[in-house]
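Taken in order, these protein sequences are the chains called A and B.
Here numbering that gives the first Met the number 0 is used: the first residue of the first sequence is 0, the next is one more, and so on.
Here numbering that gives the first Met the number 0 is used: the first residue of the second sequence is 0, the next is one more, and so on.
Number of protein chains: 2
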Amino acid sequence: MIAKKLIKDLFFRQKKAQKAIRKTGAEGMLLTTDVNIYYMTGLVFNGYYYLPVDDDPLLFVKRPGGLAGERLFSIRKPEQIPDIFAANGWELPENALLEMDEISYNEYMRLQNIFHFKKTDNATTFMRRIRTVKTPWEIEQLRTSADRHAATYARIPDCYRPGMTDLRFQAEIEHRMRLNGSIGVFRAFGPNMNIFMGSVLAGENAATPSPHDFALGGGGQTAFCPIGANGTVLKEGMTVMVDMAGNFTDYLTDMTRVYSIGMLPEAAYCAHCISQEIQDAVEVMAKPGVACADLYNRAYAIVKKAGLADCFMGMRQQAKFVGHGIGLEINEPPVFTPRSGEILEENMTFALEPKFVIPQVGAVGIENSFLVTCTGIEKLTTFREDIIPLD
Amino acid sequence: MIAKKLIKDLFFRQKKAQKAIRKTGAEGMLLTTDVNIYYMTGLVFNGYYYLPVDDDPLLFVKRPGGLAGERLFSIRKPEQIPDIFAANGWELPENALLEMDEISYNEYMRLQNIFHFKKTDNATTFMRRIRTVKTPWEIEQLRTSADRHAATYARIPDCYRPGMTDLRFQAEIEHRMRLNGSIGVFRAFGPNMNIFMGSVLAGENAATPSPHDFALGGGGQTAFCPIGANGTVLKEGMTVMVDMAGNFTDYLTDMTRVYSIGMLPEAAYCAHCISQEIQDAVEVMAKPGVACADLYNRAYAIVKKAGLADCFMGMRQQAKFVGHGIGLEINEPPVFTPRSGEILEENMTFALEPKFVIPQVGAVGIENSFLVTCTGIEKLTTFREDIIPLD
């Protein structure tokens, strides 16, 4: 079932995690979220994955039934775990890493009552840090997703019909994404990041603030989904920004292109060029060892020089980042903010998305996914970057 | 922005919640998940909603910016809340309800360090219980979703082309759902319930166990999404079970129909009839005051009498429920299990889904969404219930 290449990759991830666990002083790490279990095992199951600092992992599986393996145990509930440890002569860990930013308070307390930990550290930030530097297999997945992502964007003008709404336009794009192999599921870290497959922002809707921590907002389709397309009829002189998640493998790429209906005011083309200028500057500067804060500040210096600070990354509400890591989740570290303490490393992957909102026109800008190489960065989502006319 | 009818409805919900809070002895309830904030306010925002037991609610909003109101406060972080309480002469609650099954351990501890609660109770189970009995506005939303859901299912045969895969078939159904106004977002309670818009199960894939707690499984499209359609080519003698979520408003209806390619073995039609017999029996029996366990047991008695216990709700892995509440989330209480302690009440809404997996054929059965009325139940998702031929 699992390719040899992946098995080797998973073994490498395990060793890397164990090396990092050792530095924390913990005896092991207990994971239960699907993202982290998948990262460590290549599988998703309902249960617990325990990685001792110096031994092979233990899998405790509630669902699906019928899985078997040397260190895999079928359980109904986590309360059975101590007996399994005892029956095998293993000691329960007293000091462990738990996903404290993800598991609920009650789940944590339940585990605490089972294990009686003397000390716990946060496996959430720990695993998010580990996952920033991608393995060969992961990079392959991201390249595949990026290629299909770009190929789908090339067909977007076929989705357009005069007089249609942004929602209808988005439905046609989604359909092509699915036919091109998109899995559909949008995966983001954090409790307030619900969006359906991505965002299509037409005209002034791009300026609408949203509760979500994405680059731009949008009014959304209903009160419960206040983000993205809101039923705007696509009209002459408007931009349509397409920022759909590239979920063509289990790894997500991020890519934005801007489409226009008729001619736009000069200001829109100018701001779009500034986005390209920012990307050019980051491409020259970015390489292992460069601080993410320096990349943000370089971008912001270009924005200020162009006199566009008021419409950079939104208008009524402005996002305070210009790039972010990508991988199993769309919003991984590192984040390119003014005060980010993160440093680029080889094999990190990130999306850079300098965007502007132009009054009466809509959003302009570009977003591409990049891989940090040993000497610089490589663009994964290659496709034309100008404003693309729809008619 | 918010309709008068909804404002009245929200006021009713607030009074109902306050009455229930009073019984717990708590001074108030602090909510932060989008489902519960939306339920109480008709809005989604990133922040906190505090409902005192005997006063109007307080809203503390991080995002979006620019919201204003008498008891609405813009905050950057929850640590600012005590100062706002102090400035207004309010006392911080010592005994409050918090969403302990949903907020992370670290979020809980952060709130604890801010409020110094002496006692906290679980707002998750509390709110899920409150939300079981729907208000007039909610019932209207569910009716609208059900009507559009059924209308979309009527067009499913148009999606079929000989030789296509289950994934391609599903993409065509999704496209029609979106064109009919589906919001797309699938909303489920719990950490292991990721699926994209719903499930299409063709042939033997219906028997594949999954890690997720849905009625049936399926191998899924990738290792990270081990649920639903898996690329099975649709062939003569196979069933295709379509169980897509009815997210045409912010309230979800649930509905399953079975489609066939060519003629099926007699066993498939017989088992499908048993599903209808179970539905008939539940329709006769269900009304306010009836125990959900009794409904499950009545269903299971019919299954056993028909000799179908081995393939009821799965084969290699069998779900231990035959119905569940629906609303803002697809899996609300009550749940129809053998030992459920829940009792039907007027204005509860639920889905009943007796299903069977027939070897070499696939899944059969039906699912409909129902409203509990004062004297019985009313079917919301009305559409033909036989096995519908695709060719």
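Backbone N, C-alpha and C fix where the C-beta goes; we use that ideal spot for every residue, glycine too.
Got a sec: is the Cβ-Cβ distance from B/F114 to anything in chain A below 9 Å?
By this cut-off, B/F114 is not an interface position.
Quick check on DSSP: helix, strand or coil for A/I172?
helix
Decide yes or no for the touch test of the region 358 to 365 of chain A against the region 122 to 137 of chain A: beta carbon pairs closer than 8 Å, at least 3 of them.
No: the two stretches stay apart, fewer than three of their Cβ pairs being nearer than 8 Å.
Does A/D146 come within less than 9 Å of chain B when only Cβ atoms are used?
Not closer than 9 Å to any Cβ of chain B, the Cβ of A/D146 fails to qualify, so no.
How would you write the range of the beta strand (DSSP E) that B/P81 sits in, first residue to last?
Premise fails: B/P81 lies in the alpha helix (DSSP H), I80 to A86, not in any beta strand (DSSP E).
Only counting runs of 4 or more residues, tell me where the alpha helix (DSSP H) segments fall wholly within the region 137 to 217 of chain A, in order along the chain.
165 to 178
Note the first and the last residue of the continuous beta strand (DSSP E) segment covering A/I357.
Per DSSP, the unbroken beta strand (DSSP E) holding A/I357 starts and ends at K354 to I357.
Pull up the CB-CB distance for A/W136 and A/D8, whole angstroms please, since I reckon it's below 8 Å.
4 Å
How is the beta strand (DSSP E) around B/D120 delimited, first residue to last?
K118 to N121
Out of B/I80, B/K378 and B/R21, which has the shortest C-alpha to C-alpha gap to B/V283?
B/K378
Buried or exposed for A/R62, please, with buried defined as at least 16 other CB atoms from any protein chain shown within 10 angstroms of its CB.
buried
Taking the runs of the beta strand (DSSP E) that are 3 residues or longer, which of them lie wholly in the region 362 to 389 of chain A?
367 to 371 and 376 to 378
9 Å is my cut-off, CB to CB: does B/S339 come that close to chain A?
Among the residues facing chain A, B/S339 is not included, as its CB has no counterpart in that chain under 9 Å away.
In three-state terms, what does DSSP make of A/Y49?
strand
Counting C-beta neighbours from all protein chains within 10 Å, is the total for B/V232 16 or more, i.e. buried, or is it exposed?
exposed
Mind checking which residues open and close the alpha helix (DSSP H) that includes B/S73?
Where B/S73 is concerned, there is no enclosing alpha helix (DSSP H), although the beta strand (DSSP E) it sits in stretches over L71 to S73.
Does B/N35 get closer than 9 Å to chain A when you measure Cβ to Cβ?
no
For A/M312, name the three-state secondary structure that DSSP assigns.
coil
Starting from the beta carbon of B/M237, find every residue of chain A whose beta carbon is closer than 8 Å, and list them in chain order.
Result: empty, since nearest Cβ-Cβ is about 21 Å, beyond 8 Å.
Got a sec? Which residues, its chain only, sit under 6 Å from B/F320 by beta carbon, not counting five neighbours each side?
Excluding its 5 nearest sequence neighbours in each direction, B/F320 has C-beta neighbours in its own chain below 6 Å: V334, F335 and T336, listed in chain order.
Using three-state DSSP, classify B/V135 as helix, strand or coil.
Before going further, note that residue 135 of chain B is Pro rather than Val in the sequence given. Correct three-state label for B/P135: helix.
Tell me, to the nearest whole angstrom, how far the beta carbon of A/N121 is from that of A/G24; I am working on the premise that it is less than 8 Å.
Between A/N121 and A/G24, the beta carbon gap of about 13 Å keeps them out of contact (Cβ cut-off 8 Å).
Go ahead and pull the three-state DSSP assignment for B/R12.
Three-state DSSP puts B/R12 in a helix.
Applying the 10 Å Cβ sphere with the 16-neighbour rule, what's the burial state of A/P264?
Its Cβ having fewer than 16 others within 10 Å, A/P264 is exposed.
For the putative contact between B/A16 and B/L50, defined by C-beta atoms under 8 Å, what is the C-beta separation to the nearest angstrom?
6 Å
If we require 3 or more residues per run, which beta strand (DSSP E) segments fall completely within the region 18 to 66 of chain B?
27 to 30, 45 to 51 and 57 to 62
In the structure shown, what three-state DSSP assignment does B/S339 receive?
Residue state for B/S339 is assigned as coil, using DSSP reduced to three classes.
Per the DSSP calculation, B/D242 is bridged to which residue(s)?
B/S198
Please classify B/T255 as buried or exposed, where buried requires at least 16 neighbouring CB atoms within 10 angstroms.
buried
Helix, strand or coil for B/P287, going by three-state DSSP, please let me know.
coil
B/G64 versus chain A: which residues are under 8 Å apart at the beta carbon?
P208, R315 and Q316
Sort out for me which residues DSSP pairs B/M99 with in a bridge.
Paired residues: none, contrary to the question.
Which value, in whole angstroms, describes the spacing of the CA atoms of A/T221 and B/F188?
20 Å
Grab the span of the beta strand (DSSP E) containing B/L351 for me, first residue to last.
T348 to L351
Closer than 9 Å, CB to CB, is A/F223 near chain B or not?
yes
If you reduce the DSSP assignment to three classes, tell me which class B/D253 lands in.
strand
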